[in-house]
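Structure first, then comments.
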Amino acid sequence: MSDEIIEKPPNAPGRKEVNPLLKFALELGPLVVFFFANSRGEAIARAVPALGNLGGPLFVATALFMMATVVALAVSYALTRSLPIMPIVSGLVVVVFGTLTLWLQDEVFIKMKPTIVNGLFAAVLLGGLAFGKPLLGYVFDQAFKLDDEGWRKLTLRWGLFFVFLAILNEVVWRMFSTDFWVAFKVWGTMPITVAFMLLQFPLLKRHSLEPLFDKKA
């Protein structure tokens, strides 16, 4: 068993890799559970009375979101014997703010979670750059092999993008209904993120150390 719980740096000897699609599913899965549970909260509450005692659909969804997040981290650890840095930061915020949401019966806490998470990611990435550490390599090194300048530029872009997502979440949850906010987390934030990722392909191509998507199984 590995002595290191947190994942090793990019390209470190002995670093275990997870299939990128599986990694994406583990990170997206809890969000899908949250959206589904909020849209079917009343039916879930009738089927599982213990969950119904937590409150309305958003509180049921919050509880299931927390459980799904912990399960995803457990599966990731079982596969690699380590925990990925960014999902564990997000997971800790989910558990803390989810617990406050359920305990105080105040949905504001769970609505602020994306703002806090994206703000933390922005601070970590931009702060790392300030010290000459392009930390995005921890996230994407399994999919891409870039030169140092490529990682620096990509880290800067993602850091600024997380700032944008934090501001966007604040605007949406404060100005629109809870149902709209939940739907936007999946059908708004996800397409925006995918579009942003696609726009990075020219940079990836310029700075890649090997042909993109040409890895042998």
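Here the sequence shown is numbered in the UniProt record's numbering, starting from 1 and rising by one per residue.
We put the beta carbon where it would ideally sit given N, CA and C, even for glycine.
Owing to the predicted nature of the structure, the values given are computational and were not obtained by experimental measurement.
Nearest-angstrom Cβ-Cβ length linking residue i and residue j, presumed shorter than 8 Å
{"i": "T69", "j": "P30", "result": "4 Å"}
{"i": "A122", "j": "V163", "result": "5 Å"}
{"i": "S90", "j": "V117", "result": "5 Å"}
{"i": "F34", "j": "A61", "result": "5 Å"}
{"i": "S208", "j": "L146", "result": "6 Å"}
{"i": "P134", "j": "T101", "result": "Going by Cβ atoms, the distance from P134 to T101 rounds to 34 Å, so no, they are not a contact pair."}
Residue span of the alpha helix (DSSP H) that contains residue i, given as start and end
{"i": "N118", "result": "108-130"}
{"i": "S208", "result": "Counting along the chain, S208 falls outside any alpha helix (DSSP H), and DSSP gives it neither H nor E."}
{"i": "S82", "result": "First-last for S82: undefined, no H or E at that position."}
{"i": "D179", "result": "178-187"}
{"i": "D148", "result": "148-175"}
{"i": "R46", "result": "41-47"}
Where residue i sits in the DSSP three-state scheme
{"i": "L100", "result": "helix"}
{"i": "L54", "result": "coil"}
{"i": "L135", "result": "coil"}
{"i": "K23", "result": "helix"}
{"i": "S2", "result": "Residue confidence is low: S2 scores 44 on pLDDT, short of 50, so the model does not pin down where it sits. Its coordinate-derived value is still stated next. It is coil, neither helix nor strand."}
Cα-Cα separation between residue i and residue j, rounded to whole angstroms
{"i": "I88", "j": "R46", "result": "32 Å"}
{"i": "F97", "j": "R152", "result": "32 Å"}
{"i": "L120", "j": "L204", "result": "24 Å"}
{"i": "N169", "j": "F65", "result": "18 Å"}
{"i": "K23", "j": "F176", "result": "32 Å"}
{"i": "G159", "j": "A166", "result": "11 Å"}
{"i": "L83", "j": "L58", "result": "28 Å"}
{"i": "W181", "j": "A25", "result": "22 Å"}
{"i": "V172", "j": "A130", "result": "30 Å"}
{"i": "A74", "j": "V95", "result": "14 Å"}
{"i": "K185", "j": "F201", "result": "24 Å"}
{"i": "L136", "j": "L198", "result": "16 Å"}
{"i": "F161", "j": "T99", "result": "28 Å"}
{"i": "F196", "j": "V32", "result": "20 Å"}
{"i": "W103", "j": "L21", "result": "35 Å"}
{"i": "R51", "j": "A63", "result": "Note on residue identity: the sequence assigns Leu, not Arg, to residue 51. Looking at the two C-alpha atoms, the distance is approximately 8 Å."}
{"i": "V71", "j": "F36", "result": "17 Å"}
Any chain B beta carbon closer than 8 Å to residue i
{"i": "L92", "result": "Considering every chain present, this structure includes no chain B. It has just one protein chain."}
Heavy atom of the ligand COA within 7 Å of residue i beta-carbon
{"i": "E107", "result": "The ligand content of the structure shown is nil, which means the ligand COA is not present either."}
The stretch 101-111 contacting the stretch 124-133, beta-carbon criterion three pairs below 8 Å: Output reads no: the stretch 124-133 does not touch the stretch 101-111.
So, do the stretch 40-58 and the stretch 184-191 have three or more beta carbon pairs nearer to each other than 8 Å? No, because fewer than three Cβ pairs between the stretch 40-58 and the stretch 184-191 fall closer than 8 Å, the two stretches do not touch.
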